[in-house]
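2 protein chains.
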Amino acid sequence: LKEEEILKTLNHLNQLTKPPGSLGRLEDLAKQLSGITEELIPDLSKKAVVVMAGDHGVCEEGVSAFPQEVTPQMVYNFLDGGAAINVLARQAGAEVFCVDIGVKEPLQHPNLISKKVKPGTNNMAKQAAMSKDEAIQAILVGVQVVEDLVEKGYSVIATGEMGIGNTTASAAILSALTEIDIEHAVGRGTGINDEQWKHKQRVIEQALQMNQPDRKDALDVLTKVGGLEIAGMVGVILGAAKFRVPVIIDGFISSSAALIAYNLCSTSVQYMIPSHLSQEQGHQFMLQEMGLTPMLYLDMRLGEGTGAALCFQLVDAALNIMSEMATFQSAGVSGANEEMTNS
Amino acid sequence: LKEEEILKTLNHLNQLTKPPGSLGRLEDLAKQLSGITEELIPDLSKKAVVVMAGDHGVCEEGVSAFPQEVTPQMVYNFLDGGAAINVLARQAGAEVFCVDIGVKEPLQHPNLISKKVKPGTNNMAKQAAMSKDEAIQAILVGVQVVEDLVEKGYSVIATGEMGIGNTTASAAILSALTEIDIEHAVGRGTGINDEQWKHKQRVIEQALQMNQPDRKDALDVLTKVGGLEIAGMVGVILGAAKFRVPVIIDGFISSSAALIAYNLCSTSVQYMIPSHLSQEQGHQFMLQEMGLTPMLYLDMRLGEGTGAALCFQLVDAALNIMSEMATFQSAGVSGANEEMTNS
Numbered sequence: 053l054k055e056e057e058i059l060k061t062l063n064h065l066n067q068l069t070k071p072p073g074s075l076g077r078l079e080d081l082a083k084q085l086s087g088i089t090e091e092l093i094p095d096l097s098k099k100a101v102v103v104m105a106g107d108h109g110v111c112e113e114g115v116s117a118f119p120q121e122v123t124p125q126m127v128y129n130f131l132d133g134g135a136a137i138n139v140l141a142r143q144a145g146a147e148v149f150c151v152d153i154g155v156k157e158p159l160q161h162p163n164l165i166s167k168k169v170k171p172g173t174n175n176m177a178k179q180a181a182m183s184k185d186e187a188i189q190a191i192l193v194g195v196q197v198v199e200d201l202v203e204k205g206y207s208v209i210a211t212g213e214m215g216i217g218n219t220t221a222s223a224a225i226l227s228a229l230t231e232i233d234i235e236h237a238v239g240r241g242t243g244i245n246d247e248q249w250k251h252k253q254r255v256i257e258q259a260l261q262m263n264q265p266d267r268k269d270a271l272d273v274l275t276k277v278g279g280l281e282i283a284g285m286v287g288v289i290l291g292a293a294k295f296r297v298p299v300i301i302d303g304f305i306s307s308s309a310a311l312i313a314y315n316l317c318s319t320s321v322q323y324m325i326p327s328h329l330s331q332e333q334g335h336q337f338m339l340q341e342m343g344l345t346p347m348l349y350l351d352m353r354l355g356e357g358t359g360a361a362l363c364f365q366l367v368d369a370a371l372n373i374m375s376e377m378a379t380f381q382s383a384g385v386s387g388a389n390e391e392m393t394n395s
Numbered sequence: 053l054k055e056e057e058i059l060k061t062l063n064h065l066n067q068l069t070k071p072p073g074s075l076g077r078l079e080d081l082a083k084q085l086s087g088i089t090e091e092l093i094p095d096l097s098k099k100a101v102v103v104m105a106g107d108h109g110v111c112e113e114g115v116s117a118f119p120q121e122v123t124p125q126m127v128y129n130f131l132d133g134g135a136a137i138n139v140l141a142r143q144a145g146a147e148v149f150c151v152d153i154g155v156k157e158p159l160q161h162p163n164l165i166s167k168k169v170k171p172g173t174n175n176m177a178k179q180a181a182m183s184k185d186e187a188i189q190a191i192l193v194g195v196q197v198v199e200d201l202v203e204k205g206y207s208v209i210a211t212g213e214m215g216i217g218n219t220t221a222s223a224a225i226l227s228a229l230t231e232i233d234i235e236h237a238v239g240r241g242t243g244i245n246d247e248q249w250k251h252k253q254r255v256i257e258q259a260l261q262m263n264q265p266d267r268k269d270a271l272d273v274l275t276k277v278g279g280l281e282i283a284g285m286v287g288v289i290l291g292a293a294k295f296r297v298p299v300i301i302d303g304f305i306s307s308s309a310a311l312i313a314y315n316l317c318s319t320s321v322q323y324m325i326p327s328h329l330s331q332e333q334g335h336q337f338m339l340q341e342m343g344l345t346p347m348l349y350l351d352m353r354l355g356e357g358t359g360a361a362l363c364f365q366l367v368d369a370a371l372n373i374m375s376e377m378a379t380f381q382s383a384g385v386s387g388a389n390e391e392m393t394n395s
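Residue numbers (this note's numbering), protein chains in the order written: chain H, 53 to 395; chain L, 53 to 395.
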């Protein structure tokens, strides 16, 4: 990021009528945004949520409480504006773009971005989820979607996804890329009971044993135990870094994509804005791995980009602080006694 | 709160196209809001931030990095719309109401709510901060402000404050009301260094020794080591409970008022919505004491109501979810396999 812009931003923040640093993470955000965009106060009013949808062959193993048909049903719900992400995006003044990158069923809708790489992944408990070529193709879909959005003037992007079974893939990615054991990596997804949770752990263990993904090769991990929508989000994140656009990372599944992106290209993390901490227990380890700290603690576990969408207002707040607050000088407010402070 | 409304809300939430409970704290908020207002989806569009301003005699002891003249200067900044709380309230569609409940200097401004009980508290290191009558009078100012706002149609209120020296009073309240030792109760306020922080602890210790506030009597604690703006916020919170209006509690100083209100009337906590966790280290203990968990973790330590203002959007989100989301039935989405879930 541009150090010079960051220093200019810090200098401006320290002139505003508040103790230096007292707006905490909002000030960090303001600095990050200007470092990314090379503007003191960028215009980030055109906001997009990209929802990548894909199915998971591992659903055959009975890892989710919801049937696989819910993936296409929810895609139509997104396109009709009735899902949680639509509500929260609308509130934030953001548009939802839904991409079919790997839904099993054929889908048709005028507003759907149809980029199906493959009709669902293979069952990773029995073989690799996809081929390396398919993984790369799905990443490139994500990069392309960002390029198209940037051309249309969108300036901040939130990641979202839909895919029954995708907490299983995300937990497998977390286990494969880090030292976290399976018991801590795996959560209850949409809400399975104890017995099903144990079963889900065994399925993931089997998938890892079968595929032997290479911890040092994030593309290999993505290929063998990932998902098409996860690969698409990897592309969205790398695309955001490429086009210097801030990208808000949603919860557990989005963060598994972020972790892949980070392992492929560590500087991509500088373009990421963490949003909420998911109730899915593995999420904290993903964020820790990348040195990211969430801002919203809402015990959410819905995905779709819902936590990220709530974060748009924090981005707006950081920018509004920069553009609207009075300075000590303009408001005639006295500063701190320097001898009493650390700064 | 009305159990019947809460159950109706839960029933509606469980029909929406998402796994039951997956929106976490937003669902809790929706339930709380309907329990408070006795409406399934209350209209909380008229939002108010009440900023109570007062001075602290204990500033004589040199506890703050900022001079006392900053209190009136910031009041004018609020009234002119240039402070952080103005920016964040504007973004949330909320109005800021600034109350002079105890600023030392005379203040005049057409938009100021002038309710001065006393021109600043006494130096609590030497005597009681105020008399019991003054404390009660200041509480009643807060109740009256809420009554006036409710009459004007405001339906959700955030607490805010301004008063150089008021983290000292708040830390004293925390120490006086709980078992927390002074070292953990006292923070760095607007940003004092190590030496000044130790000094601040000694001043608070002296104030507690001098005044011997009765732990079992929150009004006694407020009177002896509190502040006029803190008493005013106690009134705002009790008034919110009285008029069945949700009240969003800001950070450390607002929470010291909440803790007094809770000790005076424990059911008032049901009307409180916690917002952010302040960087001020004592804040977490106050919230724990009331069984409240913050939703925003932004390392903020500015006060004014800034953390509470950011929480308005979460209130909006909870209500928008209730009113705008499709149901499983309306969207034709399949439900969970009940045998696999806990619910």
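Glycine included, every Cβ here is placed at the ideal spot set by N, Cα and C. Predicted model, so just to flag it, every value in this text is computed and none were measured.
Exercise for review: Below 8 Å CB to CB, which residues in the same chain sit around Thr-173(L) once its five sequence neighbours on both sides are set aside?
Suggested key: Gly-106, Asp-107, His-108, Gly-109, Val-110, Gly-154, Ala-181, Met-182, Ala-221, Gly-278, Gly-279, Leu-280
Practice item. Use the C-beta contact count for Asp-95(H): other C-beta atoms within 10 angstroms, 16 or more gives buried, fewer gives exposed. Key: Per the 10 Å Cβ criterion, exposed.
Exercise for review: Taking only beta-carbon positions, decide if Gln-254(L) is within less than 7 Å of chain H.
Suggested key: Reading off the sequence, residue 254(L) comes out as Arg, not Gln. For Arg-254(L), the answer is no, since every Cβ of chain H falls outside 7 Å of its Cβ.
Review point. Taking DSSP as the reference, what is the three-state secondary structure of His-328(L)?
Key: Residue state, collapsed to three classes: strand.
**Study point:** Residue-level contact to chain H via CB, Asp-351(L), 7 Å cutoff
**Key:** yes
Review point. Would you say the segment 230-238 of chain L touches the segment 204-213 of chain L, given that touching needs at least three Cβ pairs under 8 Å?
Key: At 8 Å Cβ cutoff, the stretches do not touch.
Practice item. Give the interface partners of Ser-422(L) over in chain H, defined as CB-CB distance under 8 Å, in chain order. Key: No answer is possible for residue 422(L): the residues shown for chain L start at 53 and end at 395.
Exercise for review: Following the continuous beta strand (DSSP E) through Ala-146(H), name the residue where it begins and the one where it ends.
Suggested key: 146-154
Point to revise | Length at least 4, wholly inside the segment 177-246 of chain L: the alpha helix (DSSP H) runs in chain order | key: 184-203, 218-229, 234-237
Exercise for review: Give the DSSP bridge partners of Ile-301(L), in chain order.
Suggested key: Pro-326(L)
Exercise for review: Starting from the C-beta of Asp-266(L), find all residues in its chain whose C-beta is less than 8 Å away, skip the five residues before and the five after it, and write them out in chain order.
Suggested key: Asp-272, Val-273
Check your understanding: Going straight from the alpha carbon of Pro-298(H) to that of Ala-313(L), what length do you get?
Key -> Pro-298(H) and Ala-313(L) have their C-alpha atoms roughly 42 Å apart.
Review point. To which residues does DSSP link Val-101(H) through a beta bridge?
Key: Val-148(H), Ala-210(H)
Review point. Taking all protein chains shown into account, do 16 or more other C-beta atoms lie within 10 angstroms of the C-beta of Gly-334(H), making it buried, or fewer, making it exposed?
Key: buried
Check your understanding: Roughly how many angstroms lie between the CA atoms of Val-286(H) and Ile-58(H), to the nearest whole one?
Key -> 26 Å
**Study point:** Partner residues on chain H for Asp-233(L), Cβ-Cβ distance less than 8 Å
**Key:** Within 8 Å Cβ-Cβ: nothing; Asp-233(L) doesn't reach chain H, min ~23 Å.
Practice item. Could you please give me the residues that DSSP links to Ile-165(H) through a beta bridge? Key: Val-151(H)
Check your understanding: Residues of chain L with CB under 8 Å from Ala-136(H), in chain order?
Key -> Simply Leu-68, Thr-69, Lys-70, Leu-75, Ile-373, Met-377.
Exercise for review: Have a look at the DSSP bridge pairing and note the partners of Thr-61(L).
Suggested key: Beta-bridge pairing links Thr-61(L) to no other residue.
Review point. Does any CB atom of chain L fall closer than 7 Å to the CB of Ile-300(H)?
Key: no
Review point. Do the segment 353-367 of chain H and the segment 324-334 of chain H touch if we need at least three Cβ pairs shorter than 8 Å?
Key: yes
**Study point:** DSSP state of Gly-106(H) mapped onto helix, strand, coil
**Key:** strand
Review point. Using 7 Å as the limit for Cβ to Cβ distance, is Ile-244(L) near chain H?
Key: yes
Point to revise | the segment 112-129 of chain L in contact with the segment 240-254 of chain L per 3-pair CB rule at 8 Å | key: Touching, per the Cβ criterion.
Exercise for review: Taking only beta-carbon positions, decide if Thr-230(H) is within less than 7 Å of chain L.
Suggested key: no
**Study point:** Within chain H, partners of Val-139(L) - CB distance below 7 Å
**Key:** Asn-372, Ile-373, Glu-376, Met-377
Point to revise | Buried versus exposed call for Asp-185(L) [16 or more other C-beta atoms within 10 Å across all chains shown] | key: exposed
Review point. Under the three-state reduction of DSSP, which class applies to Thr-173(H): helix, strand or coil?
Key: DSSP places Thr-173(H) in coil when its eight states are reduced to three.
**Study point:** Lys-268(H) to Asn-315(H) span [Cα, whole Å]
**Key:** Cα-Cα distance, rounded: 8 Å.
Check your understanding: Between Met-347(H) and Ile-325(L), what straight-line distance do the alpha-carbon atoms span, to the nearest angstrom?
Key -> Straight-line Cα distance between these residues: approximately 17 Å.
**Study point:** Sub-7 Å separation of Ile-191(H) and Ala-283(H) beta-carbons
**Key:** A contact, by the Cβ cut-off of 7 Å.
Practice item. With a cut-off of 8 Å on the beta carbons, I'd call Ile-301(L) and Ala-360(L) a contact; round off their distance for me. Key: 6 Å
Check your understanding: Taking Cβ to Cβ, would you say Leu-290(L) is nearer than 7 Å to Ser-320(L)?
Key -> yes
Check your understanding: Is the number of C-beta pairs between the segment 371-385 of chain H and the segment 122-138 of chain L that are closer than 8 Å three or more?
Key -> yes
Check your understanding: Helix, strand or coil: how does DSSP classify Leu-92(L) here?
Key -> coil
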